[in-house]
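Going by our numbering, the first residue of the sequence shown is number 129, and it counts up by one from there. Working notes, structure below.
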Amino acid sequence: GGMAPTPRRSYFAEVLPQVDAEEMYGTYYPRARAMLGVNTVDPDWFESTEWYRFARVSRKHAQNTGLRTTFVPNVYDFGYMRREAAGTATRSALAGEVIYGNNHGKQSVDKTYLAAALGTGNVTIETMQRVVAVRQDPAGGYVLTVRTSDITGKVTQVRELGCDRLFLGAGSLGTTEILLRARETGTLPALSDRVGQGWGTNGNVMTARANHLWDTVGANQATMPALGIDDWDNAANPVFAEIAPLPMGIEHWISMYLAITKNPERGHFTYDAATDSARLRWTRDQNAPSVAAAKNLFDRINLRNVTMYRYDLFGENKAFADTFTYHPLGGCVLGEATDGYGRVKGYRGLYVTDGSLVPGSLGVNPFLTITALAERNMERILAEDPR
């Protein structure tokens, strides 16, 4: 959805103690926010528009319970959203678009970082490519085996590309699989045994509540969350819960949430030679701390407001969805599989730049932090590493 909050500084320091928090919060978070176009909904418009009635209802219930709410920054242009509501711009967030991308309004990376990179004249972007192998070139650098596919998934070409230095940004799952495969098949045998370790879900759990008939949430709902329940400072039960839309186009009296919890459980990946893929080792029981934390919070809200959970939205007659994650993190953890700046241990000129560096949890949506870490790491790499 484009949410771009900054984690609690104390929790950031707990998760990534080797990273200078002063530099991150003073330099790299502001730089990332500026590049990504992070903005926040106008409070006056938020209070008056029908498109965020659902969030105001959930805020009322949270405040009745003594909980604090906060606006959640986003890379969706809230000025554009106001024009959508006024009928002067093509609708996107007000037309149900979110999970599969937004055709309008969102300041996605093709408009920010990729546009800036293309503007240098030094970058070529190729789509529908998948890196399936990496090996060292005896002459120096790395050789990638790359498959090109068409829109049906059919492989149309296999080729090799060489590079002097290789920066991996395929995400927690993609980067981890590329490196795990390289280590286990012997093309990069000196990779650390920490590759594949330290993976987590960022404590993601979804839940929904049934409201009273007088607490209508509205048939029209913006797809971009703009408000969250912030109970992270509750040492016994830290939770940050985004108030999520459920844009069905009808009145349904449902309040939905994505809860981010402090789950200490970690999974790991192993290489499956039969399928040539990485396999996640994570059990359903490892979600239990997240479900318990979310239940603790929303039990309080239901008790105070005399409401109840919905059991018909997530399957299996359950109130909490815990078989997913929006925020996979870890697999090539900073300072473990890499040095403190994303340089992969065991190989020169090989770097990780994505969410696989973060050890499983951040307490908020992670992409702003991933971007700020990349800014920090690249600044050091450009200053220190030979070109």
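For glycine and all other residues, C-beta sits at the position ideal for the given N, C-alpha and C. All values derive from a computational prediction rather than experimental measurement.
Mind checking who leucine 272 pairs with in its DSSP beta bridge? Val262 and Leu289
In the DSSP assignment, the beta strand (DSSP E) including tryptophan 173 goes from what residue to what residue? Counting along the chain, tryptophan 173 falls outside any beta strand (DSSP E), though it belongs to the alpha helix (DSSP H) covering 171-176.
Coil, strand or helix - lysine 234 by DSSP: Assigned with DSSP and collapsed to three states, lysine 234 falls in strand.
Closest to proline 487 by C-alpha separation, out of Leu319, Gly458 and Ala244, would be which residue? Gly458
Compute the beta-carbon to beta-carbon distance between tryptophan 381 and alanine 338, rounded to the nearest angstrom, for a pair I have assumed lies under 8 Å. 6 Å
Segment limits, alpha helix (DSSP H) that includes asparagine 332: Here asparagine 332 belongs to no alpha helix (DSSP H); instead the beta strand (DSSP E) covers 332-338.
Residues bridged to isoleucine 371 by DSSP? Tyr385
In whole angstroms, give me the CA-to-CA distance for glutamate 464 and glycine 328. 15 Å
Cβ pair leucine 496, alanine 132 closer than 9 Å: By the CB criterion at 9 Å, leucine 496 and alanine 132 fall inside the cutoff.
The beta strand (DSSP E) enclosing aspartate 358, as first and last residue numbers: 355-358
Using DSSP with H/G/I as helix, E/B as strand and the rest coil, what is serine 277? strand
Backbone secondary structure at tryptophan 327 - three-state DSSP: strand
Limits of the alpha helix (DSSP H) - the one that valine 185 falls within: 181-192
Give the single residue among Asp238, Gly290 and Thr304 whose Cα lies nearest to the Cα of leucine 296. Thr304
How far does the alpha helix (DSSP H) with serine 138 in it reach, from first residue to last? 137-143
Would you mind stating whether arginine 394 and aspartate 450 have Cβ atoms separated by less than 9 Å? no
Taking C-beta to C-beta, are valine 274 and glycine 491 nearer than 9 Å? no
Compare the beta carbon distance of threonine 177 and arginine 187 with 9 Å and say whether it is the shorter of the two. Judged by their CB atoms, threonine 177 and arginine 187 are not nearer to each other than the 9 Å cut-off.
Identify every residue that forms a DSSP beta bridge with serine 405. Asp400
Nearest to methionine 436 by CA position, among Val367, Asp321, Leu341 and Leu164, is which residue? Looking at the Cα atoms, Leu341 is the closest of the given residues.
Just grab the DSSP bridge partners of serine 156 for me. Here residue 156 turns out to be tyrosine, not serine, going by the sequence shown. According to DSSP, tyrosine 156 bridges with nothing at all.
Determine the direct distance from the alpha carbon of alanine 372 to that of alanine 336, and round the result to whole angstroms. 9 Å
Which of helix, strand or coil DSSP assigns to valine 472: Note: valine 472 maps to strand in three-state DSSP.
On the DSSP letters alone, give me the boundaries of the alpha helix (DSSP H) that threonine 497 sits inside. Element bounds for threonine 497: 495-512.
Is it buried or exposed for tyrosine 228, if we count other Cβ within 10 angstroms and need 16 for buried? exposed
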